[in-house]
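Protein chains in written order, with this note's numbering: chain E, 21 to 510; chain Y, 21 to 510.
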């Protein structure tokens with residue numbers, strides 16, 4: 021792509037000015053349409069050092085009201101803190117909300133090509149990175165994001181000239197660092213790496229636009245043209261459906277809920293006390309090891325209302341050092357969460373390495389409550405199984421332990437517990453009208469849950485069912501599974 | 021993809037029956053919706069030999085009225101005739117019309133992997149093939165086609181068993197050939213080649229669906245499920261806009277029409293006669309060489325009404341052997357042409373090797389009359405520049421010579437000629453009301469033509485302007501250019 025790229029003709033000053041004005045006005049007009057259509061726009065600027073990315077971002081944003089955009093400056097090494105998350109994490113944190121722009125001053129490309137250049141990524145690791153990036157770009161696009169990708173291109177000679185100009189002035193000298201000079205020196209090998217990356221990530225819905233950046237005004241014009249055109253196309257495509265990809269991950273073969281026996285899944289008081297003590301002690305030690313070995317752990321709880329999730333989680337956390345874990349209770353998304361990719365609020369709640377996050381309800385809301393209440397379209401939730409598997413695969417590949425619990429009770433048990441809550445003043449806060457409404461939809465939920473479990477029980481992140489008519493039984497089982505899975509990883 | 025693929029669970033007979041009936045009925049119901057929505061559906065079956073592709077196609081079509089589908093049996097070597105066209109040609113010929121199904125019993129994948137296996141494609145040639153396939157699949161998808169791709173997967177053992185069963189019966193013995201046995205023997209190396217191809221062509225809008233074909237009923241069910249789901253999604257996406265890809269082909273820098281001087285572009289009668297004779301003689305000889313060297317030649321004429329295209333073409337054809345060339349006058353598309361990708365009627369009119377096709381008007385109608393008369397959407401014609409460049413690149417890579425002429429006159433000259441036609445009884449058939457209407461839109465056309473020429477003057481297929489106020493001058497210039505370009509290639 022870069023190698024065949026031909027320099028753009030620069031029109032005469034007058035024509036350039038007219039065209040620039042046209043595009044600037046067009047962008048200014050688009051920002052309100054964007055807002056009305058709730059379209060999130062992610063604009064990624066990559067390219068050669070000293071190609072003028074920052075300058076052009078500065079010019080583009082002048083046409084947009086400050087309420088409608090932010091600039092994410094990612095052109096830096098990840099911090100020590102950020103290194104304790106999946107490599108995509110620091111970028112995903114920054115994705116825009118619906119109706120707004122986010123301009124990325126470099127993004128995941130820069131990190132990957134830098135690592136390749138530094139010899140930190142071998143062929144396989146590079147391919148994995150590219151695979152992850154293609155997945156996240158596709159997911160963003162499928163979930164209604166406009167992702168526009170610019171590569172700022174200048175020649176070796178032009179880059180050298182610019183670096184020399186910067187260096188020759190004591191006020192700008194500081195802006196040229198070792199890496200810039202190295203890139204210019206090794207221009208050809210960088211070019212090969214860039215070229216390959218661009219080809220590997222040039223998808224029909226998230227294509228690359230190469231910007232001839234040898235002339236600043238022309239660079240601005242090209243960026244504005246591609247950006248405006250992209251927004252025009254995206255605005256015409258609201259509520260587009262997306263092909264449902266086949267799930268090609270290796271799967272377990274879980275039982276249906278109706279096939280799971282809840283009888284005889286109980287434990288005596290004495291045995292429970294003894295087991296609880298023993299298992300919590302073991303978990304405490306494993307928790308310490310996990311911390312020292314910097315393993316990230318994700319424990320996800322889903323289950324029927326009143327199935328006993330809270331008490332179950334408590335028996336896990338009791339065994340853990342409070343500094344090492346966090347429980348994330350998941351309710352309906354806040355407005356700023358709803359305005360982003362539905363996995364964003366989980367991405368941003370991930371544990372860092374050595375830590376444990378316990379989700380009390382999870383991203384599976386997409387294929388349960390959001391599906392049944394019509395909070396997303398059919399195409400959205402049908403697509404979500406694969407998107408969720410991809411999300412969990414990314415985390416497992418990062419090194420995380422993922423344990424997913426379905427806390428199971430029968431309908432009668434739920435009724436008993438609901439009634440008990442209703443009749444016990446100190447438990448009344450635990451029961452709401454919504455719980456009763458959900459209960460009315462038990463059968464619909466059961467169908468959805470069976471589908472969910474069958475489509476997301478991957479070999480790398482299977483579901484575990486906790487039979488919780490006897491809550492104590494369920495707690496002991498949960499502890500055992502967590503211990504087993506941590507041991508496996510350690 | 022194949023390597024991680026896990027066998028599908030077969031439900032019990034009753035459940036399978038119910039599900040099959042559901043999907044069959046759904047497909048039967050979809051065919052009318054398809055027709056109403058004018059959605060063309062291309063279903064590609066690829067996979068291991070003896071995996072049962074043919075059987076399943078047979079079962080799927082039972083649910084569809086014969087008026088709405090055809091089966092394209094491509095699982096054979098291209099004929100000697102077909103080998104004289106670009107490798108995509110025989111497949112593109114078969115693409116479905118709007119509102120209809122076309123089932124491909126193998127398609128371009130089979131041809132490519134067979135050639136790789138036979139050692140006929142080296143790494144570079146393989147990559148080129150894959151690139152061409154990705155382009156055509158994207159173009160089909162962008163132009164409203166639903167392209168569903170199935171790969172029928174069976175294990176080495178299962179394949180061996182099936183081949184043995186076929187061989188053991190004298191009625192089916194003939195169906196097993198050397199290639200089948202060889203594929204089974206070299207199962208692992210075939211697997212690697214298949215795997216790579218699937219990964220190289222697995223695009224988000226035209227993804228692969230792997231069918232576990234070890235059980236026939238399950239294979240049918242999977243195919244029906246993916247097919248129905250795909251149609252449902254596509255029906256929801258009518259008139260979707262598509263991101264306009266950047267044109268990254270190397271470009272010439274042509275003049276605007278208004279910058280082209282028409283003065284002094286004339287020739288004396290005597291000089292004309294002499295030159296014509298000399299050049300036609302030279303072209304005649306070159307025509308023979310082209311024929312013997314099996315070079316395909318495409319000469320494309322566009323120009324203002326009454327610019328003199330017809331007479332110009334005549335001076336070319338006079339020099340050629342009537343058996344070696346054909347002139348294709350291009351009018352509005354016929355219904356069966358309109359119902360397909362707009363380039364289809366040009367793909368199917370390509371010359372075979374050693375032959376010359378002269379197009380009197382061309383695929384550039386998309387960005388002239390179709391644009392200005394609103395026969396296609398803005399997104400359609402904006403996308404077309406790149407699609408056309410891709411099309412011409414494919415032909416040039418195949419080995420074709422492409423010469424594109426724009427026959428240029430000024431507005432006054434056109435008026436003179438129109439008036440002359442009007443007033444001369446034997447020329448009156450040449451002038452219609454439409455010509456006058458087009459003339460009223462001269463300025464709009466001029467803008468569109470300037471854009472067209474600037475966006476499609478690639479290095480490999482540039483436009484040549486023939487100044488045709490003096491028609492004789494234009495004819496001599498055309499002959500010279502054709503001669504020069506043929507010589508270059510020979």
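Just so it is clear, CB atoms sit at the ideal spot from N, CA and C, and this is done for glycine as well.
Counting along the chain, the unbroken beta strand (DSSP E) around residue 321 of chain Y starts and ends at 317 to 323. Close CB contacts of residue 200 of chain Y within its chain, under the 7 Å cut and outside five residues either way in sequence, are with 69, 70 and 183 (chain order). The segment 168 to 186 of chain Y makes contact with the segment 56 to 68 of chain Y: 3 or more CB pairs, one atom from each, lie closer than 8 Å. Nearest neighbour of residue 299 of chain E by Cα position, chosen from E:317, E:290, E:281 and E:339, turns out to be E:339. When only Cα atoms are considered, residue 129 of chain Y and residue 443 of chain Y end up about 58 Å apart. Pairing residue 470 of chain E with residue 276 of chain E, the inter-Cα distance amounts to about 6 Å. Any Cβ of chain E closer than 8 Å to the Cβ of residue 233 of chain Y would place that residue at the interface, and such an atom is absent. Shown here for residue 81 of chain Y: same chain residues with a beta carbon closer than 6 Å to its own, the five before and five after excluded, namely 89 in chain order. Annotation for residue 214 of chain Y: the continuous alpha helix (DSSP H) segment containing it runs 207 to 220. Taking a Cβ-Cβ threshold of 8 Å, the residues of chain E close to residue 273 of chain Y are 29, in chain order. Shown here, residue 425 of chain Y sits in a strand according to DSSP, grouped into three states. Collapsing the DSSP output to three states places residue 68 of chain Y in coil.
Residue 216 of chain E has its alpha-carbon roughly 13 Å from the corresponding atom of residue 24 of chain E. For residue 210 of chain E and residue 137 of chain E, the gap between their C-alpha atoms comes out near 7 Å. With distances taken between CA atoms, residue 72 of chain Y lies nearest to Y:240 out of Y:208, Y:240, Y:132 and Y:133. In the DSSP assignment, residue 468 of chain Y falls within the unbroken alpha helix (DSSP H) covering 462 to 476.
For residue 227 of chain Y, the chain E residues whose C-beta falls within less than 8 Å of its own C-beta are 263, 265 and 266, listed in chain order.
Using a Cβ-Cβ cut-off of 8 Å, residue 214 of chain Y does not count as an interface residue toward chain E, since no Cβ of chain E sits closer than that to its own. Taking a beta-carbon distance threshold of 8 Å, residue 256 of chain E counts as an interface residue toward chain Y. By the neighbour-count criterion, in which 16 or more other beta carbons inside 10 Å mark a residue as buried, residue 254 of chain Y falls on the buried side. Look at residue 400 of chain Y here: in three-state DSSP terms it is helix. With respect to residue 320 of chain E, residue 411 of chain E sits apart: the two C-beta atoms are not nearer than 8 Å. Setting aside the 5 residues that flank it on each side, residue 116 of chain E is surrounded in the same chain by 60, 61, 62 and 122, each with a C-beta closer than 7 Å to its C-beta; the list follows chain order.
Inclusion of residue 496 of chain Y and residue 287 of chain Y in the CB contact set at 8 Å is warranted, their separation being smaller than that value.
Interface criterion not met: the Cβ of residue 417 of chain Y is under 8 Å from no Cβ in chain E. Secondary structure of residue 484 of chain Y (DSSP, three-state): strand. The Cβ atoms of residue 478 of chain Y and residue 406 of chain Y lie no closer than 8 Å to each other.
Not a single CB atom of chain Y sits nearer than 8 Å to the CB of residue 332 of chain E. In the three-state DSSP reduction, residue 229 of chain E falls in the strand class (E or B). Within chain Y, the residues 266 and 268 have their CB atoms less than 7 Å from the CB of residue 230 of chain E, given in chain order. The C-alpha of residue 455 of chain E is placed about 15 Å away from the C-alpha of residue 430 of chain E.
Under the three-pair Cβ rule at 8 Å, the segment 25 to 44 of chain Y does not count as touching the segment 308 to 326 of chain E.
Using a C-beta cut-off of 8 Å, the segment 494 to 508 of chain E makes contact with the segment 319 to 334 of chain E, since at least three inter-stretch Cβ pairs fall below that distance. Within the same chain, 237, 240, 241 and 244 come within 8 Å of residue 40 of chain E by CB-CB distance, once the 5 residues on both sides are set aside. Among the residues facing chain Y, residue 427 of chain E is not included, as its CB has no counterpart in that chain under 8 Å away. In the same chain as residue 111 of chain E, and ignoring 5 residues on each side of it, the C-beta atoms closer than 7 Å to its own belong to 94, 127 and 128, in chain order.
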